[in-house]
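Residue numbers (this note's numbering): 390 to 635. No residue lacks a Cβ here, since even glycine has one placed at the ideal position from N, Cα and C. Written below as structure tokens is the structure these notes are about.
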């Protein structure tokens, strides 16, 4: 089991949106060690390399491309009692005055962290994220944003210090059936320096380019399963918003 809650921020024009997203994932028994306390890196490994199968979520902001301001990650064996999880999180609250903590028991492990700008608010953040995580555990809502296989494909080609973004021919044809036969997708070119500056500030360029190319909002894109990002220059494909190679 992997349970996570994150306070996230998204920049929209001159406005910043902030919310809390929480997700619950299931694992096979062989995915985790018998004693979590023996594996100091178990939370980091699960969170970054083997999240598992998404089974429930509670989402304030559309997933993907958000800046993470604070987080609570919980890893446990499948079938761990909900009250045990709450008690374990409560027990570790006195330690959260540190910048980042990781605490482990044989059956559970927790990791908490915040950005520099939230220092001094550790206990408040930990409690707020913990409550959202517990809510997902006790009142699971089926996933909306990542439940379908993506079919919209954005092609990225880097050349001459520029990245060019366009839809695949198949995606463009399918979107014409949604928008109408006269609809035509835009093409977007961004120079390397602008890309680097933009991603440094806003974290994710795709969340701003995708609506221009597809004629859909991020919510609509997510409801269709997200995107496939095909990087033609290096021959790799990523699933967005997870940014996992496929």
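Closest Cα partner of residue i within the set the options
{"i": "residue 416", "options": "442, 404 and 635", "result": "442"}
{"i": "residue 458", "options": "515, 438 and 524", "result": "515"}
{"i": "residue 474", "options": "463, 483, 544 and 482", "result": "463"}
{"i": "residue 467", "options": "452, 497, 439 and 551", "result": "497"}
{"i": "residue 485", "options": "596, 576, 587 and 511", "result": "511"}
{"i": "residue 436", "options": "451, 420 and 424", "result": "420"}
{"i": "residue 480", "options": "519, 567, 449 and 571", "result": "519"}
{"i": "residue 395", "options": "440, 489, 569 and 517", "result": "517"}
{"i": "residue 611", "options": "568, 596 and 623", "result": "596"}
{"i": "residue 400", "options": "634, 605, 476 and 587", "result": "587"}
{"i": "residue 440", "options": "393, 571 and 585", "result": "393"}
{"i": "residue 406", "options": "434, 444, 449 and 424", "result": "449"}
{"i": "residue 531", "options": "564, 444, 571 and 418", "result": "444"}
{"i": "residue 568", "options": "403, 606, 489 and 426", "result": "606"}
{"i": "residue 581", "options": "623, 551 and 490", "result": "551"}
{"i": "residue 426", "options": "469, 434 and 492", "result": "492"}
{"i": "residue 584", "options": "558, 422, 547 and 627", "result": "547"}
Beta-ladder partner(s) of residue i, from DSSP
{"i": "residue 400", "result": "405"}
{"i": "residue 390", "result": "In DSSP, residue 390 forms no bridge with anything."}
{"i": "residue 460", "result": "395 and 502"}
{"i": "residue 516", "result": "DSSP lists no partner for residue 516."}
{"i": "residue 626", "result": "619"}
{"i": "residue 415", "result": "442"}
{"i": "residue 491", "result": "500"}
{"i": "residue 470", "result": "Residue 470 is not bridged to any residue."}
{"i": "residue 410", "result": "395"}
{"i": "residue 447", "result": "411"}
{"i": "residue 633", "result": "628"}
{"i": "residue 465", "result": "497"}
Cβ-Cβ distance between residue i and residue j below 8 angstroms
{"i": "residue 411", "j": "residue 522", "result": "yes"}
{"i": "residue 465", "j": "residue 390", "result": "yes"}
{"i": "residue 460", "j": "residue 502", "result": "yes"}
{"i": "residue 499", "j": "residue 447", "result": "no"}
{"i": "residue 629", "j": "residue 621", "result": "no"}
{"i": "residue 543", "j": "residue 594", "result": "no"}
{"i": "residue 553", "j": "residue 578", "result": "yes"}
{"i": "residue 513", "j": "residue 455", "result": "no"}
{"i": "residue 608", "j": "residue 451", "result": "yes"}
{"i": "residue 600", "j": "residue 413", "result": "no"}
{"i": "residue 566", "j": "residue 527", "result": "no"}
{"i": "residue 614", "j": "residue 494", "result": "no"}
{"i": "residue 561", "j": "residue 576", "result": "no"}
{"i": "residue 604", "j": "residue 564", "result": "yes"}
Below-8 angstroms beta-carbon distance, residue i vs any chain D residue
{"i": "residue 447", "result": "Judged by its chain identifiers, the structure shown contains no chain D, having just a single protein chain."}
Three Cβ pairs or more, each shorter than 8 angstroms: is that satisfied between the region 419 to 434 and the region 501 to 521? no
In chain order, each beta strand (DSSP E) run of at least 3 residues that lies wholly inside the region 521 to 581: 541 to 548, 551 to 556 and 577 to 580
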